[in-house]
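**Q** Below you'll find the structure I mean.
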Amino acid sequence: MMSFIQKLLKPQDKLEVIKLAVDNSAEGVIVTDVKLFDGGIVFANKAFYELTGYSPEEVIGKNCRFLQGPGTNKESIAEMRQCVKEGRRYYGELLNYKKNGEEFWNALTIMPIYNAAGELTHFTGSQTNITARKKAEEEVQRLNTELIKNIEQLQNANKELETFSYTISHDLQSPLRNMSAFSKILLKDYNDKLDDKGKVYLTFIDSSANRMSDLIHDLLAFAKLGKVNLNKKEVNMNEIVNVVLDEIKLTSANFRTEIILHPLTSVQCDPSLIKQVWVNLIGNAVKYSSKKETPVVEIGIQHINEQPVYYVKDNGDGFDMKHAEKLFAVFQRLHSTDEFEGTGVGLAMAERIVAKHGGRIWAEGKKGKEATFYFTLPG
């Protein structure tokens with residue numbers, strides 16, 4: 048095949064085809080002659096002139112060091128010169144400069160050319176503008192450096208949080224327990240010396256200390272969720288929900304809520320964490336519907352876009368949808384503690400657990416009528 052093509056082309060035609068091919072190459076190409084002083088350039092293609100901004104008059108006969116500048120790596124230049132001196136192939140990436148002073152990164156390949164007698168006569172240099180790639184690499188490096196810095200800051204913040212958590216769990220809980228204990232002692236041992244107003248004040252101090260202790264306990268539990276590793280397994284949701292219902296019935300005085308439990312599917316999840324989600328959602332439903340004449344809580348599953356969605360619905364006090372975004376925020380409550388007990392952490396915990404599983408939780412409600420909480424668990 049090659050001999051056939053060679054027969055078709057005359058020597059002069061071959062040179063013309065080669066020149067056209069090189070001249071129209073997307074890469075900058077130069078040819079230097081070792082016989083010229085300092086290895087001057089004898090040919091450069093269009094792409095080289097477009098890349099550098101120089102004209103043929105400014106290039107031909109010159110050494111290509113005119114592309115170098117203050118940012119060009121001296122070690123790379125020394126390596127390149129050594130390869131040229133020894134007549135070896137060279138590849139490197141150099142920061143070069145255009146005629147207007149603009150920097151550009153150049154992927155340079157230099158190849159030696161020997162004649163039939165084995166004498167080194169020329170070098171060809173092919174140049175590719177890799178500025179965009181280098182800038183992308185620099186940006187990645189900058190982002191990695193910033194990420195490492197942020198990770199270090201996060202690690203320091205976590206250490207501070209651990210110290211803070213220890214302070215809360217030990218140093219703050221102790222005085223709260225003392226407040227509660229001494230309030231009870233005063234009410235018991237000095238009951239006959241206190242008037243009704245004094246007894247009310249001590250009772251209020253005791254209940255406030257207990258509420259603060261509950262808030263601290265829930266806050267610590269919420270903070271620890273971030274460190275918990277998921278232990279996923281196949282979980283029968285019906286079994287978990289029935290256990291939760293039994294526990295709520297045992298701990299609730301005068302439990303009278305009608306429970307409607309539909310069959311639930313099994314799912315891959317962390318059973319202990321998902322149990323906490325059900326505890327919070329069902330517990331809230333029972334609590335907020337407790338003042339109804341006939342409290343009803345419905346638990347089931349439906350499919351939205353072929354994805355299973357678990358739900359807990361109650362006919363309790365409900366909520367205004369314009370405040371829905373507050374439901375899953377820590378300490379954001381839509382009802383006062385005088386109306387319904389609670390710390391305002393339960394739904395935030397449920398949201399964090401579901402998110403940790405890669406799922407989503409949301410709520411729909413009507414003020415004074417009903418509330419429904421939904422959550423998904425992918426996979």
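Okay, so the sequence shown: first residue is 48 according to the numbering used here, each after it adds one.
Just so you know, even glycine gets a beta-carbon here, dropped at the ideal spot from N, CA and C.
Bear in mind the structure is a predicted one, so any value in this text is a computation, not a measurement.
Going by beta-carbon coordinates alone, are E417 and N362 separated by less than 8 angstroms?
**A** It is a contact, given that the beta carbons lie within the stated cut-off.
**Q** Along the chain, which unbroken stretches of the beta strand (DSSP E) at least 3 residues long are found entirely within the segment 89-131?
**A** You should have found no qualifying run.
**Q** Any idea what DSSP makes of Y237, helix, strand or coil?
**A** Of the three classes helix, strand and coil, the one that applies to Y237 here is coil, per DSSP.
**Q** Mind checking E126: buried by the 16 CB within 10 Å criterion, or exposed?
**A** Looking at its Cβ environment, which holds fewer than 16 other Cβ atoms inside 10 Å, E126 is exposed.
**Q** Rounded to the nearest angstrom, what separates T119 and V64 at their Cα positions?
**A** C-alpha separation (whole angstroms): 35 angstroms.
**Q** In the DSSP assignment, find the alpha helix (DSSP H) that holds K413 and state where it starts and stops.
**A** Note, K413: premise wrong, no alpha helix (DSSP H); beta strand (DSSP E) at I408 to K413.
**Q** Can you give me the C-alpha to C-alpha distance between Y144 and D85, rounded to a whole angstrom?
**A** Looking at the two C-alpha atoms, the distance is approximately 20 angstroms.
**Q** Let me know the secondary structure DSSP gives L223 once reduced to three states.
**A** Three-state result, L223: helix.
**Q** Do F151 and N110 have their beta-carbon atoms positioned less than 8 angstroms apart in this structure?
**A** Not closer than 8 angstroms, so no.
**Q** Is the Cβ-Cβ distance between L223 and L234 less than 8 angstroms?
**A** Their beta carbons are not under 8 angstroms apart, which means L223 does not touch L234 by this criterion.
**Q** Determine the contact status of Q174 and E104, defining contact as a CB-CB distance below 8 angstroms.
**A** Contact flag unset, no.
**Q** Tell me which residues share the same chain as E345 and place their Cβ nearer than 6 angstroms to its Cβ, disregarding the 5 neighbours each side in the sequence.
**A** Contacts found: I307 and K360.
**Q** For Y357, collect the residues of the same chain with a Cβ closer than 6 angstroms to its Cβ; drop the 5 residues on either side in sequence, then sort them by chain order.
**A** So the qualifying residues of the chain are I348 and F422.
**Q** Are the Cβ atoms of R128 and M158 separated by less than 8 angstroms?
**A** Taking 8 angstroms as the Cβ cut-off, R128 and M158 do not qualify as a contacting pair.
**Q** From E411 to F366, what distance separates their C-alpha atoms?
**A** For E411 and F366, the distance between alpha carbons rounds to 8 angstroms.
**Q** Could you give the distance in angstroms between the alpha-carbon of A397 and the alpha-carbon of Q188?
**A** Taking the straight line joining both Cα atoms gives about 38 angstroms.
**Q** Name, in chain order, the residues that DSSP records as bridge partners for F452.
**A** Only positions 48 to 426 of the chain appear in this structure, which leaves residue 452 out of reach.
**Q** Evaluate M284 with the Cβ neighbour count: other Cβ atoms within 10 Å of its Cβ, from every protein chain shown; 16 or more gives buried, anything less gives exposed.
**A** M284 should be labelled buried.
**Q** Can the beta-carbon of V81 be found closer than 8 angstroms to that of L141?
**A** Cβ atoms of V81 and L141: not closer than 8 angstroms.
**Q** Helix, strand or coil, according to DSSP, for F151 in the structure here?
**A** F151 falls in the strand class under three-state DSSP.
**Q** Would you mind sorting G406 into buried or exposed? The rule is 16 or more other CB atoms within 10 Å of its CB.
**A** Per the 10 Å Cβ criterion, buried.
**Q** Kindly provide the ranges of any beta strand (DSSP E) runs that are 3 or more residues long and lie completely inside the segment 295-334, ordered along the chain.
**A** The qualifying runs are 305-308 and 313-316.
**Q** Please state the DSSP three-state secondary structure of V64.
**A** Note: V64 maps to helix in three-state DSSP.
**Q** Tell me the DSSP secondary structure of T250 in three-state form.
**A** If DSSP states are grouped into helix, strand and coil, T250 belongs with the helices.
**Q** Rounded to whole angstroms, what is the Cα-Cα separation between V39 and Y101?
**A** Lying outside 48 to 426, the shown extent of the chain, residue 39 is not represented and no answer is given.
**Q** Would you please state the rounded distance, in angstroms, between the beta carbons of S260 and Q220? I believe it to be under 8 angstroms.
**A** About 6 angstroms separates the two Cβ atoms, so the contact holds.
**Q** For S72 versus A94, is the C-beta spacing smaller than 8 angstroms?
**A** Cβ atoms of S72 and A94: closer than 8 angstroms.
**Q** Note down the Cα distance separating K246 from P318, rounded to an integer number of angstroms.
**A** Roughly 45 angstroms separates the two Cα atoms.
**Q** How many angstroms separate the CA atom of H443 from the CA atom of V290?
**A** Not covered by the structure: residue 443. The range shown for the chain is 48 to 426.
**Q** Whose CA, out of G393, L328, I287 and K231, lies closest to the CA of T419?
**A** Checking every option, the nearest Cα to that of T419 belongs to L328.
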